[in-house]
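Quick notes on the structure that follows.
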Amino acid sequence: MGYLERISALCGILFLSCSMAQAKSLEDMFPMIELDGLTQEQEDWLALQKGLDYQTGTITLPGSQAVLELGDAYYYFGPEDSKYVLEELWGNPPRDLSLGMVFPAEYLPLEWDAWGMLLNYDPIGFVSDEDAASYNYDELLRDMQKDMLTANKEREELGYGTVDLVGWAEPPHYDAESKKLYWARELSFDGVEDHTVNYDIRALGRKGVLVMSVIGSMDQIDSIKAAAPDLIAMTHFTVGQRYVDFDPSLDTVAAIGIGGLIAGKVAAKAGFLAATLVFMKKGWVLLFLGFAALKNKIFKRKSS
């Protein structure tokens, strides 16, 4: 390794050591929550979330392709904690480990007003954005609704309820400068009264796509849209993995474009259930766990 390479590696190590994530307990992350005088129901509810590592600061995601700059307004769960939240607390079907989840700092994951952003990386290759302005998104929506019908057959075979893609909660937009794509879908889950919103963000990189899916209730769409600029800006690829680092003589070009990313046609071999990438928030799970009465309760916050 040459002198310049050694200096570059040393700088990278110093940067990571100075910007490592800070793991906090529930009590440290939420000092404003009043923990005295709780009912047994509230204590049981908190216990479900006490074993999680609430991480803040700068997060280098697993695989080191990308970094999160969380600031003070958000916290992060690693892959294992995120799987627990999605499947055990929110009641989604089992899936492979993700890269983690991001939550607004003012809410615990089981609070009714909470929403979360799930992160994954798909190494599908370099996605060309040349056709970004040429799509008919109404027609694309109709195709996605047809695909959802096929996915529902697989969901039922696995013992899960069906999902209806109601429509766009926000039509697709592409930012050519930041190489990021975002849109939102309104979803109706069988047996769940409240509709769910999946607000999707895709960051294009040299060798693949960072997949960010915000999961919340439809009545949270305004707060999610308000947070969207933060969520879009907080994530960036590391040097060597950025869109501008693409080398046509070395790198693979993806078989799909912008429209394919929105439709979820990324890995047909994974099955329609995986390809549709829909997630449910925790509405019915609170009922199943016996915490129905907590829906309209707000835990006391200490005065500042």
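Residues -23 to -1, 1 to 281 (mature numbering (1 follows the signal peptide of the UniProt record, and there is no 0)) make up the sequence shown, in order. Every residue, glycine too, gets a C-beta built ideally from N, C-alpha and C. What you are looking at is a predicted structure, and each value in this text was computed from that prediction instead of being measured.
Item                                                                                        : Value
Boundaries of the alpha helix (DSSP H) in which residue 304 is found, first to last residue : Here the chain comprises residues numbered -23 to 281, so residue 304 is not present and cannot be evaluated.
Asp108: first and last residue of the uninterrupted beta strand (DSSP E) it sits in         : Taken as a continuous stretch (DSSP letters only), Asp108 belongs to no beta strand (DSSP E), as it is neither H nor E.
Endpoints, beta strand (DSSP E) assigned at Lys157                                          : Lys157 to Phe166
The segment 184 to 199 in contact with the segment 99 to 106 per 3-pair CB rule at 8 Å      : yes
C-beta contact flag for Gly93 and Phe80 at 7 Å                                              : yes
Beta-bridge pairing of Tyr51 - partner residues as DSSP gives them                          : Pro81
The beta strand (DSSP E) enclosing Ser190, as first and last residue numbers                : Val186 to Ser194
Distance between Leu208 and Leu29 (C-alpha atoms, nearest Å)                                : 22 Å
Bridge partners - Lys1, DSSP secondary structure assignment                                 : Tyr31
Among Gln197, Asp106, Met121 and Glu131, nearest to Gly241 - alpha-carbon criterion         : Met121
Rounded C-alpha distance that separates Ala141 from Val62                                   : The displayed chain sequence assigns Asp, not Ala, to residue 141. Near 23 Å, if we compare the C-alpha coordinates of Val62 and Asp141.
Contact under 7 Å by Cβ, Gly144 with Glu116                                                 : no
C-alpha gap between His150 and Gly236, whole angstroms                                      : 11 Å
Check whether Val191 and Ile201 have beta carbons under 7 Å apart                           : yes
Pro70, DSSP secondary structure in three states                                             : coil
Beta-carbon gap between Leu74 and Pro56 smaller than 7 Å                                    : yes
Asn175 versus Arg119, Gln197 and Asp167, residue with shortest Cα-Cα distance               : Gln197
Within-7 Å CB hit, Met189 to chain B                                                        : In the displayed structure, chain B is absent; only one protein chain is listed.
Euclidean distance between Cα positions of Asn113 and Ile239                                : 12 Å
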